[in-house]
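Trainee:
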Amino acid sequence: MREVDFTLSAGPTTASARTLAALGSPITYHYDPAFLEAFRRTERKVASIFRTSGSVVLMQGEAILGLEAGARSLVRPGDKVLNLVSGVFGKGMGMWLRHFGADLHEIEVLYDDVVDPDDVERFLAANPDTAMVAVVHCETPSGTATDVESIGRIASSRGVLTLVDCVSTVGGMDLRADEWGLDVCVLGPQKCLGGPPGMSLVSVSERAWETIEANPHAPRSSFLSLLDWRTTWFGEGRFPFTPSVAEVHGVEAACDQVLEEGLDASIARHAAAAGACRAGVAAMGLRIWPKSEAIAASCVTSIALPDGLDHDRVRAHARERYGVMLSGGQGAGNLVRIGHMGPTASGLYPVVGLLALGRTLLDMGVHVDVGAGVDASLAAIASRAALA
Ligand SMILES: *Cc1c(COP(=O)(O)O)cnc(C)c1O
153 MREVDFTLSA GPTTASARTL AALGSPITYH YDPAFLEAFR RTERKVASIF RTSGSVVLMQ
213 GEAILGLEAG ARSLVRPGDK VLNLVSGVFG KGMGMWLRHF GADLHEIEVL YDDVVDPDDV
273 ERFLAANPDT AMVAVVHCET PSGTATDVES IGRIASSRGV LTLVDCVSTV GGMDLRADEW
333 GLDVCVLGPQ KCLGGPPGMS LVSVSERAWE TIEANPHAPR SSFLSLLDWR TTWFGEGRFP
393 FTPSVAEVHG VEAACDQVLE EGLDASIARH AAAAGACRAG VAAMGLRIWP KSEAIAASCV
453 TSIALPDGLD HDRVRAHARE RYGVMLSGGQ GAGNLVRIGH MGPTASGLYP VVGLLALGRT
513 LLDMGVHVDV GAGVDASLAA IASRAALA
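For the sequence shown, position 387 (counting from the first letter as 1) is numbered 539 according to my numbering, and the numbering increases by one without interruption.
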């Protein structure tokens, strides 16, 4: 199998040379004072990326760990929980919540759409005993973005907790944990931070800690336990288990890169890359998967494929013939995705993705105007570069 030239997937994304170098730092004892300092620095950096003054738990496992830990810790059997489903990850969260005993209510829409915050408001008004709302910021497979700001404000104004899967957005799309009243937020470093895929970065509000501590069903003495981190690490300075030393260095480097660039600049860069990609998609004669541009995410562009064309075949062809790795639909629909995450949300990366996809479709007999797509995408990139 040939080596891939460009990894333009929707996470894990291409890591920067700086992140790779940090991942290669010496493996030290986890109680080496230098590592303790690095760990604490990383917590502070992650907190500033979440825009929270609350606590951050650096869990040692891919982001699914943080999501499962958050859901298990917050939910008591019988709790009324509203889960918003607009895609694969929201659907999966619902299965967990039901399994953990929640009295589950869902607002579900088609996977090219997002849930309207007004519907959340209506549900909470009619169900004042709701304990929690679970929401996915970007349904990465669909490439859609939900209005987490409005939903967070609506929920917190009613004293309802929020569990937010913002695994793929933070660093590339605006998210303000404190200002928007979000209680537990889970981020994966392998997405917009351009880091390695081995950790879950979790922000926990004071309100959420109170709920978790009062929940006899919250995991304790468990790999899934948020409480263990609170008691042993925050409380006593002891790790509940050995942290992944190399991953922590990789995550710190990824955070440094975003913070040195500036969080707002990083967010603007992701938006520009996605805009350039969408311009190319339309000019090429293709359609984005989300039903409108207004709900299209900045971290990934999902592109609908013509009927009869199989997304796995399209991706395999783009990779084998042109050396470009794209993502598939992960069950959301017949689509392919070009990621704009971390390093790939810059320069000509969106154009490379469009070229590989466009030429692949031509090879497969689908008529697309690759030149027009490239021109439109380049024009968007050039006009932004001229402003800088
Ligand atoms: C990447 C991602 C996760 C983590 O899931 P994996 O399937 O392990 O990659 C969770 N939620 C969202 C929205 C994601 O994009």
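Glycine included, C-beta positions come from ideal geometry on N, C-alpha and C.
Strictly by DSSP, which residues pair up with His463?
Mentor: Its beta-bridge partners do not exist; DSSP assigns none.
Trainee: With a threshold of 7 Å (Cβ to nearest heavy atom), would Gly480 be considered close to ligand 1?
Mentor: No - ligand 1 has no heavy atom lying nearer than 7 Å to the Cβ of Gly480.
Trainee: Quick test of the definition: if touching needs 3 or more C-beta pairs under 8 Å, does the segment 216-228 touch the segment 397-416?
Mentor: Not touching, per the Cβ criterion.
Trainee: Counting pairs of Cβ atoms below 8 Å between the segment 328-335 and the segment 304-320, do you hit three or more?
Mentor: Yes, since at least three Cβ pairs between the segment 328-335 and the segment 304-320 fall closer than 8 Å, the two stretches touch.
Trainee: Would Phe375 be called buried (16 or more neighbouring beta carbons within 10 Å of its own) or exposed?
Mentor: Per the 10 Å Cβ criterion, exposed.
Trainee: Please confirm if the segment 519-530 is in contact with the segment 477-497, defined as three or more CB-CB distances below 8 Å between the two stretches.
Mentor: The answer is no - the segment 477-497 does not touch the segment 519-530, with fewer than three Cβ pairs under 8 Å.
Trainee: Taking C-alpha atoms, which residue in Gly311, Thr171, Val266, Arg390 lies nearest to Pro495?
Mentor: Nearest option by C-alpha distance: Thr171.
Trainee: I'd like the ranges of any beta strand (DSSP E) spanning at least 3 consecutive residues and lying wholly in the segment 256-316.
Mentor: Entirely contained in the segment 256-316, the beta strand (DSSP E) runs reaching 3 residues are, in chain order, 284-288.
Trainee: Would you say Ser355 touches ligand 1, meaning its beta carbon is less than 7 Å from a heavy atom?
Mentor: No, the beta carbon of Ser355 sits no closer than 7 Å to any heavy atom of ligand 1.
Trainee: Which term fits Tyr183, buried or exposed, when burial requires 16 or more other beta carbons within 10 angstroms of its beta carbon?
Mentor: Result: exposed.
Trainee: Apart from the five residues on each side of it in sequence, which residues of its chain come closer than 6 Å, Cβ to Cβ, to Asp380?
Mentor: Cβ within range, chain order: Pro392.
Trainee: Between Arg154, Glu155, Thr159, which lies nearest to Ser479 when the distance is taken from Cα to Cα?
Mentor: Out of Arg154, Glu155, Thr159, Thr159 has the C-alpha closest to the C-alpha of Ser479.
Trainee: Cβ atoms of Val354 and Gly222: under 8 Å apart, would you say?
Mentor: Contact flag set, yes.
Trainee: Tell me which same chain residues have a C-beta within less than 6 Å of the C-beta of Gly525, skipping the five on either side of it?
Mentor: Closer than 6 Å at the Cβ level, and outside the excluded window around Gly525, lie Gly432, Ala435, Met436, Leu506, Gly510.
Trainee: Relative to the C-alpha of Pro280, which candidate in Gly499, Leu339, Asp231 has its C-alpha closest?
Mentor: Checking every option, the nearest Cα to that of Pro280 belongs to Asp231.
Trainee: By DSSP, does Val452 sit in helix, in strand, or in coil?
Mentor: The answer is strand: DSSP assigns Val452 an E or B state.
Trainee: Excluding sequence positions up to five away, which residues of its chain have a Cβ less than 7 Å from the Cβ of Leu188?
Mentor: Here the set comprises nothing.
Trainee: Going by C-alpha distance, which of Met247, Asp264, Leu262 is nearest Leu256?
Mentor: Residue Met247 is the option with its Cα nearest to Leu256.
Trainee: With C-beta atoms as the reference, is Ser396 less than 8 Å away from Gly350?
Mentor: Contact flag set, yes.
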